[in-house]
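Structure first, commentary second.
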Amino acid sequence: MKRRDFISKGLPGFAGTMALSQIGCKGGAYKKAEGEKKYKLVYRTLGKTGIKVPIVSMGSMNVTSEALVRMALDAGISHISTAKYYGRGKVEKFVGKVIKNYRREDIILATGVDPHPPPWKEGFYSKDTDIVRFEKDFDDSLKSMEVDYVDIFYLPNAAKKEAVMFEPLMKVMEKIKKAGKARFLGIGTHSYVPEAVRAAADSDFWDVVMLAYNFQSRDIEERKKAVDYAAEKGMGIVAMKTVTGASFVNTNKQIQVGNPRAALKWVLQNPNIHTTVLGITNFEQLETDLSVMADLTLTDDEKKYLELARLNHKNMLFCQGCGDCLKQCKSAPDIPALMRCYMYAYGYRDLAAAVRNLDPIKEKTVACIECSNCTVNCASGFNIKERIQDIIRLRDFPHEFFV
Ligand code: SF4
Ligand code: SF4
Numbered sequence: 002m003k004r005r006d007f008i009s010k011g012l013p014g015f016a017g018t019m020a021l022s023q024i025g026c027k028g029g030a031y032k033k034a035e036g037e038k039k040y041k042l043v044y045r046t047l048g049k050t051g052i053k054v055p056i057v058s059m060g061s062m063n064v065t066s067e068a069l070v071r072m073a074l075d076a077g078i079s080h081i082s083t084a085k086y087y088g089r090g091k092v093e094k095f096v097g098k099v100i101k102n103y104r105r106e107d108i109i110l111a112t113g114v115d116p117h118p119p120p121w122k123e124g125f126y127s128k129d130t131d132i133v134r135f136e137k138d139f140d141d142s143l144k145s146m147e148v149d150y151v152d153i154f155y156l157p158n159a160a161k162k163e164a165v166m167f168e169p170l171m172k173v174m175e176k177i178k179k180a181g182k183a184r185f186l187g188i189g190t191h192s193y194v195p196e197a198v199r200a201a202a203d204s205d206f207w208d209v210v211m212l213a214y215n216f217q218s219r220d221i222e223e224r225k226k227a228v229d230y231a232a233e234k235g236m237g238i239v240a241m242k243t244v245t246g247a248s249f250v251n252t253n254k255q256i257q258v259g260n261p262r263a264a265l266k267w268v269l270q271n272p273n274i275h276t277t278v279l280g281i282t283n284f285e286q287l288e289t290d291l292s293v294m295a296d297l298t299l300t301d302d303e304k305k306y307l308e309l310a311r312l313n314h315k316n317m318l319f320c321q322g323c324g325d326c327l328k329q330c331k332s333a334p335d336i337p338a339l340m341r342c343y344m345y346a347y348g349y350r351d352l353a354a355a356v357r358n359l360d361p362i363k364e365k366t367v368a369c370i371e372c373s374n375c376t377v378n379c380a381s382g383f384n385i386k387e388r389i390q391d392i393i394r395l396r397d398f399p400h401e402f403f404v
C-alpha cells in the first residue's frame, strides 16, 4: 500500500485531525477516539504500574517523519519509547517536539540512558561506571524532550544479574523516581535475557522489563518461563525485536523482510507480553501494526511461514544473545554486541547506531581482524568472523558522518 492509498483508505478522516494538530489543538483523547473508530485497539495493563498500554507501541530509533508519528499517536498508539543514544540525542529532541502537540498525560513516554562505560562483554558494571554522568544524561534527556518527567525510565542493555542489581545505578534511579522525574523504572535486556528478567522480577525494585522476544529466539521456552514468572510478580512486560526474526540478509547484503504480521501476532499471543515496541518508519508498517490488533489468530499461511523461517536462521539478523560464542573463544570481543551493530547497519540501516555501539572498542585490538580461522560455532549459524570484519570497519568513522 502506498502512502497516498494509506491515507485515503487506511486512515480516512485523519486529514482533519492533522489539521487540528497543526493549529495547536491539544487533546489526545479526542484523537485516540478517532483512531479507535478505524481500528480495533487492544490494551493490556503494564503490570503493577497500572498503565493501560496499547499492545502495539512505538519505538523511535529510526523515526524521521513527524506526520507519521502524529498519525500513530492519533490512531491510539499512545506509548512511545525512545533513548538518549538514538541519533545522539536528536531523536529525543524530535520526540519532544512532536508530543508537545498533545496533552502530556495522554502520552506514555519512556526513555533509556546508557551508563558509561557500558558493560562491555562481561555484562557487568564496575567502579568505573560514571554515576554523575548517568544522572546528568537523564536530566539532559528531560530537557531535550522539554518534559518534566517520563513514565518509564530504562536502564538499557542490562544483561547479567550483577548488572541488573548494580547498586550505584539503582540508587541514582531511585533518587530520580523519588524526585518525580520518572514514574516507573525498568531494565532493557538483549543478552542473558532469562537471567536478567528473573533478576528484575526478584528485585522488588524494577517495575518494567523490556526484553528481546521473537519467534526465532532459540531459548524461547526459557524466555517464556521468565516472562510468566515476572508477570506473576507484577512486572510490566514490554517486548522488543519482535519482528527482527522476520528479517534476513540476502547475498547482496540487502534486507529482506519476511512476514512481520505473522511475527508480531506470534509474540502478542502471549498475554503476559503487555505491549511490543515497534520501529514505525513508514506508512505500510503503521498500517500493519494497527490492523494486526483486530485478530491475533495466525492464519495457516502465517503458521507455515513461521515454521519455514525458523529453519532459515543462518541469514537472519537477530543475535540470540545466548553467549555460546563467548565460551568458545577466549580472545573474542563482545560478539553479541557486534552482531547487534551488524543488525543496526544492515537491518535497520542505521549506521549512526552501529557506529555508536562500536565506541567501546574504538581503541581496542580486536582479535578477529587478524584471525585466520574462526573456530566459533554460532548457535544461529552466523559467520562470526565475516560479520565482525565487515562491521568493524565502521568504528573509525566519526559520529558526525552519520547523524
Ligand atoms: S552464539 Fe551466535 S546467537 Fe549466540 S550470542 Fe553468539 S553470535 Fe549471538
Ligand atoms: S574470528 Fe578468531 S578471535 Fe574472532 S571469535 Fe572467531 S576464533 Fe575468536
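Read left to right, the sequence shown gives residues 2 to 404 (the numbering used here).
Idealized CB from N, CA, C, for every residue including glycine.
State the DSSP-derived secondary structure class of residue i, mapped to helix, strand or coil.
i: D107; result: helix
i: G88; result: helix
i: H400; result: helix
i: T289; result: helix
i: F139; result: helix
i: G279; result: It is Leu, not Gly, that sits at residue 279 in the sequence shown. L279: strand per DSSP, three-state reduction.
i: S204; result: helix
i: G97; result: helix
i: G134; result: Sequence check: residue 134 is Arg here, not Gly. If DSSP states are grouped into helix, strand and coil, R134 belongs with the helices.
i: V228; result: helix
i: S66; result: coil
i: Y306; result: helix
i: V239; result: strand
i: A264; result: helix
i: V356; result: helix
i: P361; result: helix
i: F383; result: coil
i: K27; result: Any answer about K27 is weak, because its pLDDT of 40 lies below 50 and its placement is not dependable; what the coordinates show is given next. DSSP places K27 in coil when its eight states are reduced to three.
i: I389; result: helix
i: K234; result: coil
i: A368; result: helix
i: K39; result: helix
i: I274; result: coil
i: F284; result: helix
i: L299; result: coil
i: K128; result: coil
i: A76; result: coil
i: R394; result: helix
i: R219; result: coil
My guess is that residue i and residue j are in contact by the Cβ rule of under 8 Å, so how many angstroms apart are they, rounded?
i: D208; j: G48; result: 7 Å
i: G322; j: P337; result: 5 Å
i: E196; j: K161; result: 6 Å
i: A73; j: P157; result: Not really, about 22 Å apart at Cβ, beyond 8 Å.
i: I274; j: I238; result: 6 Å
i: F167; j: Y126; result: 4 Å
i: Y1; j: M294; result: Because the chain here runs from 2 to 404, residue 1 falls outside it and cannot be looked at.
i: V54; j: H80; result: 5 Å
i: A355; j: I393; result: Rounded, the Cβ-Cβ distance is 10 Å, inconsistent with contact.
i: A232; j: G189; result: Contact doesn't hold; Cβ gap of about 17 Å is too wide.
i: Y155; j: G181; result: About 17 Å; that fails the 8 Å criterion.
i: L265; j: T300; result: L265 to T300, Cβ: 13 Å. No contact.
i: F216; j: W267; result: 5 Å
To which residues of the same chain is residue i closer than 7 Å at the C-beta, ignoring the five residues directly before and after it?
i: D296; result: none
i: S142; result: K85, E93, T112 and V114
i: I385; result: C326, I336, C375, V377 and C379
i: F185; result: T50, D152, I153, D208 and V209
i: P119; result: N158 and P361
i: Y345; result: D351, A354, A355 and N358
i: K27; result: With a pLDDT of only 40 at K27, under 50, the local geometry of the prediction cannot be trusted, and the value read off the model is given with reservation. Correct list, in chain order: N102, Y103 and R104.
Under the DSSP definition of a beta bridge, which residues are partnered with residue i?
i: T376; result: According to DSSP, which records beta bridges pairwise, T376 is partnered with nothing at all.
i: P55; result: Y44
i: I81; result: M59 and L110
i: A213; result: M241
In its own chain, which residues sit with a C-beta less than 6 Å from the C-beta of residue i, not counting the 5 before and 5 after it?
i: R219; result: Q321 and A380
i: K363; result: R396
i: V99; result: E67 and V70
i: Q23; result: Reliability of the predicted coordinates at Q23 is poor, the pLDDT of 32 falling under 50, and the value obtained from them is presented with this limitation in mind. Cβ within range, chain order: n/a, list empty.
i: G280; result: G60, M62 and N63
i: Y343; result: R388 and I392
i: C330; result: V377
Please go through the same chain and pick out, in chain order, the residues whose beta-carbon is closer than 8 Å to the beta-carbon of residue i, but skip the five residues on each side of it.
i: F135; result: V114, P116, H117, L170 and V173
i: C372; result: S332 and K386
i: Y349; result: M62, N63 and G280
i: E419; result: The requested residue 419 is not part of the displayed model; the chain covers only 2 to 404.
i: K365; result: P334
i: R224; result: V194, P195, V198, L212, Y214 and S218
Can you find a CB in chain C that lies within less than 9 Å of the CB of residue i?
i: K172; result: Of the protein chains in this structure there is only one, and it is not chain C.
Inset, instruction - Could you pull out every unbroken alpha helix (DSSP H) segment of at least 4 residues lying fully inside the segment 309-353, listed in chain order? - result: 325-329 and 336-343
Inset, instruction - Let me know the alpha helix (DSSP H) ranges lying completely inside the segment 143-208, each 4 residues or longer, listed in chain order. - result: 162-165, 168-179 and 194-204
Inset, instruction - Output the residues surrounding ligand 3, defined as those with a CB atom closer than 6 Å to any ligand heavy atom, in chain order. - result: No copy of ligand 3 appears in this structure; the ligands present are ligand 1 and ligand 2.
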